[in-house]
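Residue numbers (this note's numbering): 1455 to 1606.
Before any comments, here is the structure.
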Amino acid sequence: MFTPASAATGLIFAAAAKDMKVTDTFTVRDGATMKTFGFTTNTNNTDPLKIIFDPMDATDTNNQMAIKIGVAISASGLHILAAQLGVTGIVNLTHTLATSQGDLDIADNVSTSNFAVFGMTGGHAGDCGAGVGCMQNNDCASHVCKVDHTCQ
């Protein structure tokens, strides 16, 4: 049975700022690169992997934190698109390539149980080596399916 190429996906359920700590981190990998994101209360922060939050600001809700997390992931250089799902406080993650190489756990070192991560899972293809049969570029680790339907 043929399984079509698909990108890995995941979810982050953001906690409100009042639940976060500056020691909290989470790590996202795309198969080639790993980025660890942290949290800071320093409003002068310029580190793009540090997400600014204010635990005393009641408007820094799950939804606002999801926006901040999504922006940080999208700007990180990972091959992952991060999009907030409405006003749910949930960040939807989608690998930019249809590949099983994106099927990697998100490491969660956040102290509150109000923060959760799921994924990345569901990626198919993108892992066949040279000479292996293919139908499309996404089937191959090189992302090149030659005219004779073998991976480059």
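Even for Gly, the Cβ is constructed at its ideal location relative to N, Cα and C.
Subject >> Neighbour-count burial assignment, residue 1589, 16 or more Cβ in a 10 Å radius >> reply: By one-based count along the sequence shown, residue 1589 stands at place 135. Under this definition residue 1589 is an exposed residue.
Original post:
Around the C-beta of residue 1475, are 16 or more other C-beta atoms found within 10 angstroms, so that it is buried, or is it exposed?
Top reply: Here residue 1475 refers to the residue found at position 21 of the sequence shown. Taking every protein chain shown into account, the CB of residue 1475 has fewer than 16 other CB atoms within 10 angstroms, so this residue is exposed.
**OP:** For the beta strand (DSSP E) holding residue 1591, just list the boundary residues, first then last.
**Re:** In the sequence shown, the residue the question calls residue 1591 occupies position 137. First-last for residue 1591: undefined, no H or E at that position.
Original post:
Quick one: what's got a C-beta closer than 7 Å to residue 1480's C-beta in the same chain, skipping five residues either side?
Top reply: Taking the sequence shown and counting its residues from 1, the one referred to as residue 1480 is at position 26. Residues 1491, 1560, 1561, 1562, 1563, 1564 and 1571 of the same chain have their beta carbon placed closer than 7 Å to that of residue 1480, with the five preceding and five following residues left out of the count.
Original post:
Distance, Cα to Cα, residue 1597 vs residue 1548?
Top reply: Within the sequence shown, residue 1597 is the residue found at index 143, counting from 1. Within the sequence shown, residue 1548 is the residue found at index 94, counting from 1. One C-alpha to the other measures close to 18 Å.
**OP:** Note down, in chain order, each residue of its chain lying with its Cβ closer than 7 Å to the Cβ of residue 1532, except the 5 sequence neighbours on either side.
**Re:** If you number the sequence shown from 1, residue 1532 lands on position 78. 1482, 1484, 1487 and 1489.
Original post:
Between the C-alpha atoms of residue 1600 and residue 1584, what's the straight-line distance to the nearest angstrom?
Top reply: To locate residue 1600, count along the sequence shown from 1; it is residue 146. To locate residue 1584, count along the sequence shown from 1; it is residue 130. Between residue 1600 and residue 1584, the C-alpha separation is close to 10 Å.
Original post:
residue 1531 by DSSP, collapsed to three states: which one?
Top reply: Taking the sequence shown and counting its residues from 1, the one referred to as residue 1531 is at position 77. Correct three-state label for residue 1531: coil.
**OP:** Report all residues from its chain with a CB closer than 7 Å to the CB of residue 1460; omit the five preceding and five following residues, and keep chain order.
**Re:** Locating residue 1460 in the sequence shown gives position 6, where the first residue counts as 1. Taken in chain order, the residues that qualify are 1552, 1576, 1577 and 1578.
Subject >> Beta-carbon proximity list for residue 1544, same chain, < 8 Å, skipping 5 on both sides >> reply: In the sequence shown, residue 1544 corresponds to position 90, counting from 1. The answer, listed in chain order, is 1465, 1466, 1467, 1468, 1520 and 1538.
Subject >> residue 1549: first and last residue of the uninterrupted beta strand (DSSP E) it sits in >> reply: Within the sequence shown, numbered from 1, the residue matching residue 1549 stands at position 95. Per DSSP, residue 1549 is one residue of the beta strand (DSSP E) stretching across 1544-1549.
Original post:
So, is the C-beta of residue 1480 closer than 8 Å to a C-beta in chain D?
Top reply: Considering every chain present, this structure includes no chain D. It has just one protein chain.
**OP:** Have a look at 1595, 1602, 1546 and 1529 and flag the residue whose alpha-carbon is nearest the alpha-carbon of residue 1500.
**Re:** What you label residue 1500 is simply residue 46 of the sequence shown in a count that begins at 1. Measuring from the Cα of residue 1500, the nearest candidate turns out to be 1529.
Original post:
In the structure shown, what three-state DSSP assignment does residue 1538 receive?
Top reply: Locating residue 1538 in the sequence shown gives position 84, where the first residue counts as 1. Strand, per DSSP.
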